[in-house]
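> Here you go, one structure.
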Amino acid sequence: MERTVRTLTAALAACAALLAAAAPASADPPACPAGATCGTLVVPLDRGAPLLGTTTVGYALVPRRDTSRPSAGAIVPNPGGPGYAAAYDVADLDDLFGELRDDHDVLLVDPRGVGRSERLDCGLPADPLLSPAQLKAATGACGRTLGARANAYGSAAVADDLEAVRAHLGIARLDLFGESYGSFLFSVYARRHPSRVASLVLSGAYPIAFDPLGRDRAAALRRAIDLVCSRSGGSCAGAQVRADLSRLTLALRARPLDVDVDGTPVRLDEQSLADTVYFTWAAPEILGMLPGLLRAANAGRPQPLAELVALVRQATIDEFQDGGPVSFALNVATSCRDYPALWSRSAPLWLRRVQYATALNAAGTSAFLPFAPQVWVDTVGEGGDWCIEWPNVPGGESPLAGASRPALPVLAINGDLDVNTPSSAARQAAAQFTGARFLEVPNVGHTPGNDASGCSMTIVRSFIRTHAVGDTSCMAQIPPIEVG
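Counted the way mature numbering (1 follows the signal peptide of the UniProt record, and there is no 0) counts, the sequence shown spans residues -27 to -1, 1 to 457.
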């Protein structure tokens, strides 16, 4: 038993270090990278409502290492969110793009509302631990504070801002590298401005019209458990782990536990369990810890699981609190403006609630297992009824506006352990473009740019240069998640 405790403690410490290292450090506007040309551009706040005024969009153009030769192109990365700034320094860009930096410039454009661009503030409390009811009320209050500006922070507006910066700098075409929400944003850009796209990489991708109830994510969690166990050399069996997860879910639904972790009570209930196993999208190593943690908790030893719950909770706080790397206000304003809704936006609130409840009930329960439907919806966050109180502001284009399935060099690349943007969703994202390629990377979670082996980005860099999926043999060398 003592050896087991030491092993789990070491694993939790490693997980804590991983979560701490994964997040950008600051919400302050990024400094101008060394050698870059930085500036701002004044753009309409709402191109469909010029009387609303203007906003400022900030950018940085980082030159190629070899400026003695003409540029081979301009790469535009976006790290996701919504709500992240393009906070890359030169070392980050060198790590991501390697030899492409020799002859490719990099254009960093911060979405309106964050980073170098004019900051968005709608009075939203930066508290990710609000209850679901409090979050919905705060989101509605944010939208009412913005009033007529509530349409101004959608992806179509951000895409058109990027186009304005491109034109201002005289760049002919862009190589777009979008991670997570960046794949959504750049899909919108490519539909609106296809002639300006040299290539498009969708990393950890999801389509513009995704499932707002997250049923594909629940299926991806069950699949990820099975995949990890199938590659574990017999250390676990997927069916048994899923059964253990179901057993613990039912037990916590009936009787939540309060467990002391370093002098602080940590609530173990169905919601915190769902939040923790869903976080495997950011730290797939947790999938290797689950078999032991679930067995222990079901046997009356919940302490190690409670420690992991506390770690995941703190990682969430660090991400969204004031001074963290994500603008919660921009995250809400973009999500509620753009993402699919299960109600009519023109309906009054009482009717929206009826329409949402009808849609949730029609979905049944099996697609969300082992969790209750609303618990899972509250876990995945995006979609669901998070934005149900967001005001209906007339006007504004749909993010679906633009050419239908343009033919472009597109690669959608996804980790097969990703439960945030599952491979099934990434395939749909690829299908938004004629001739797009889809590639699934084994043993990797969300956004294969985080693949520690470097294999995924080697493939991405080759695609940006050649517009073809080249040698993928390195995928066979990516080690499976260790089950311990």
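Don't be surprised by glycine CBs; every beta carbon is placed ideally from N, CA and C.
Residues in the same chain with beta-carbon distance under 7 Å from residue 271, minus the five sequence neighbours each way, listed in chain order, please.
So the list reads 217, 220, 221, once near-sequence residues are dropped.
> Would you mind sorting residue 27 into buried or exposed? The rule is 16 or more other CB atoms within 10 Å of its CB.
Exposed.
> Output the residue ranges of the beta strand (DSSP E) runs that lie fully inside the region 99 to 157 and measure 3 residues or longer, sorted by chain position.
Qualifying beta strand (DSSP E) stretches, in chain order: 147 to 152.
> In three-state terms, what does DSSP make of residue 179?
Three-state result, residue 179: coil.
> Using the three-state DSSP reduction, which class does residue 422 fall into: helix, strand or coil?
Three-state result, residue 422: helix.
> Does the structure place the region 150 to 167 close enough to the region 371 to 386 that three or more beta carbon pairs sit under 8 Å?
As far as the Cβ criterion goes, the region 371 to 386 touches the region 150 to 167, which means the pair count is three or higher.
> Which partner residues does residue 206 have in the DSSP bridge list?
DSSP, once it has assigned bridges, lists no residue as partnering residue 206.
> Can you find the residues in the same chain that come closer than 8 Å, C-beta to C-beta, to residue 467, ignoring five residues on each side of it along the sequence?
Residue 467 is absent from the model: the chain starts at -27 and stops at 457.
> Mind checking residue 331: buried by the 16 CB within 10 Å criterion, or exposed?
So residue 331 counts as exposed.
> Using the C-alpha atoms, what's the distance from residue 379 back to residue 3?
Rounded to whole angstroms, residue 3 to residue 379 spans 34 Å at the Cα level.
> Measure how close the beta-carbons of residue 8 and residue 36 come, nearest whole angstrom, since I'm counting them as under 8 Å.
At roughly 6 Å, the Cβ-Cβ gap stays under 8 Å, so residue 8 and residue 36 are in contact.
> Kindly give me the distance between the Cβ atoms of residue 241 and residue 262, rounded to whole angstroms, as I take these residues to be in contact under 8 Å.
With 8 Å as the limit, residue 241 and residue 262 do not qualify as a contact, their Cβ atoms being about 15 Å apart.
> Straight-line CA distance for residue 60 to residue 74?
Residue 60 and residue 74: Cα-Cα distance of roughly 17 Å.
> Check residue 428 in the structure and name its three-state DSSP category.
DSSP places residue 428 in helix when its eight states are reduced to three.
> Please confirm if the region 351 to 369 is in contact with the region 113 to 132, defined as three or more CB-CB distances below 8 Å between the two stretches.
Contact holds: three or more Cβ-Cβ distances are below 8 Å.
> Which residue spans inside the region 219 to 252 form an unbroken alpha helix (DSSP H) run of at least 4?
List check, alpha helix (DSSP H) in window: 243 to 251.
> Looking at the structure shown, is residue 162 part of a helix, part of a strand, or coil, going by DSSP?
Correct three-state label for residue 162: helix.
> Please classify residue 107 as buried or exposed, where buried requires at least 16 other C-beta atoms within 10 Å of its C-beta.
Classification of residue 107: exposed, given that the 10 Å Cβ count is below 16.
> Use the C-beta contact count for residue 188: other C-beta atoms within 10 angstroms, 16 or more gives buried, fewer gives exposed.
So residue 188 counts as buried.
> Are at least three pairs of beta-carbons, each pair with one atom in the region 159 to 179 and one in the region 421 to 438, less than 8 Å apart?
Counting Cβ pairs under 8 Å, three or more are found: they touch.
> Quick one: grab the DSSP three-state call for residue 344.
In the structure shown, residue 344 sits in coil (DSSP, three-state: anything other than H, G, I, E or B).
> So, with DSSP's three-state summary, where would you put residue 47?
Note: residue 47 maps to strand in three-state DSSP.
> Between the Cα of residue 245 and the Cα atoms of 350, 302, 301, 406, which residue gives the shortest distance?
That would be 350, whose Cα lies nearest to the Cα of residue 245.
> By a C-beta neighbour count over all protein chains shown, 10 Å radius and 16 as the cutoff for buried, is residue 470 buried or exposed?
Absent from the structure is residue 470, since the part of the chain shown begins at -27 and ends at 457.
> What's the call for residue 30, buried or exposed, on a 16-neighbour Cβ count within 10 Å?
That one is buried.
> Which residue spans inside the region 376 to 408 form an unbroken beta strand (DSSP E) run of at least 3?
List check, beta strand (DSSP E) in window: 383 to 388.
> So, for residue 455: in the same chain, excluding its five sequence neighbours on each side, which residues have a beta-carbon less than 7 Å away from its beta-carbon?
Within the same chain, residue 455 has close Cβ partners 261.
> Okay, do the region 165 to 172 and the region 120 to 138 touch, 3+ Cβ pairs below 8 Å being the bar?
Yes: the two stretches touch, three or more of their Cβ pairs being nearer than 8 Å.
> Classify residue 287: buried if its beta carbon has 16 or more other beta carbons within 10 angstroms, exposed otherwise.
Exposed.
> Taking the beta strand (DSSP E) that residue 33 falls in, what are its first and last residues?
Run containing residue 33: 27 to 35, per the beta strand (DSSP E) assignment.
> When you compare each of 355, 1, 328 to residue 92 by their alpha carbons, which one comes out closest?
It is 1 whose Cα lies nearest to the Cα of residue 92.
> Can you name, in chain order, every residue of its own chain whose Cβ lies under 6 Å from the Cβ of residue 146, other than the five neighbours on each side?
For residue 146, where only same-chain residues beyond five positions count, the Cβ hits under 6 Å are 169, 171.
> To the nearest angstrom, report how far apart residue 329 and residue 429 are at their CA atoms.
Those two C-alpha atoms are separated by around 39 Å.
> What residue range is occupied by the uninterrupted alpha helix (DSSP H) comprising residue 265?
It spans 258 to 271 - the alpha helix (DSSP H) in which residue 265 sits, taken as one unbroken run.
> Taking C-beta to C-beta, are residue 298 and residue 129 nearer than 8 Å?
Cβ atoms of residue 298 and residue 129: not closer than 8 Å.
> Measuring alpha carbon to alpha carbon, tell me which of 46, 324, 269 ends up nearest residue 149.
Of 46, 324, 269, the residue nearest in Cα terms is 46.
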